[in-house]
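**Q**
Residue numbers (the UniProt record's numbering): 1 to 176.
1. In chain order, what residues of the same chain lie with their CB nearer than 7 Å to the CB of residue 16, ignoring the 5 residues before and after it?
2. Check whether the segment 69 to 82 touches the segment 90 to 99, counting contact only when three or more Cβ pairs, one atom from each stretch, lie closer than 8 Å.
3. Residue 71 to residue 125, Cα distance in whole Å?
4. Tell me whether residue 22 sits in a helix, a strand or coil according to DSSP, three-state version.
5. Judging by CA-CA distance, which residue of 131, 141, 121, 134 is the nearest neighbour of residue 36?
6. Excluding five sequence neighbours on each side, which residues of the same chain lie with their C-beta closer than 7 Å to the C-beta of residue 55?
7. Which of the three DSSP states, helix, strand or coil, is assigned to residue 15?
8. Between the C-alpha atoms of residue 142 and residue 60, what's the straight-line distance to the nearest angstrom?
9. Since residue 49 contacts residue 136 with CB under 8 Å, what's their CB separation in whole angstroms?
10. Could you check the C-alpha separation between residue 18 and residue 115 for me, to the nearest Å?
11. Taking the runs of the alpha helix (DSSP H) that are 4 residues or longer, which of them lie wholly in the segment 56 to 96?
12. Closest to residue 104 by C-alpha separation, out of 131, 53, 44, 32, would be which residue?
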């Protein structure tokens, strides 16, 4: 039994490392294809957005998350369920705005940045910008917000109050 558990852990670690290295190769190729970091950041956000638009359906089907009643509950679902499900991490939720319509996700162990050293000539590259796009795409499909790119370790999420209602859904709810 312990041999199978050991193999499962090794397989998961290998899968995580493969994902990290593949993402690194993608960012490297984008840096070669585009003239400046701003264009690379835009492409990473756009790619993430397209992933998020599709990933939300998988998330709702697999997680059986019920309807969120407020933005704080949505933040908890993003951090404790979605990030755990897809990246194996649980970011901290901090920096709530007084109005309760913005927060930050702190990724203490961001798997995308393992093995990464950015060269000096790419100091304005937002390496994990794909994650901002994924969140923006997924939340938009559930009637959500304005998600701006954060730095490599912090993702900022903001939302208008009127859009906060019903962001999460049951696995049966589908956008028409």
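Each residue gets a CB set at the ideal place from its N, CA and C atoms; glycine is no exception.
**A** So, from the listed chains and residues:
1. 88, 111
2. yes
3. 29 Å
4. helix
5. 121
6. 134, 138
7. helix
8. 10 Å
9. 5 Å
10. 11 Å
11. 71 to 77, 83 to 87
12. 131
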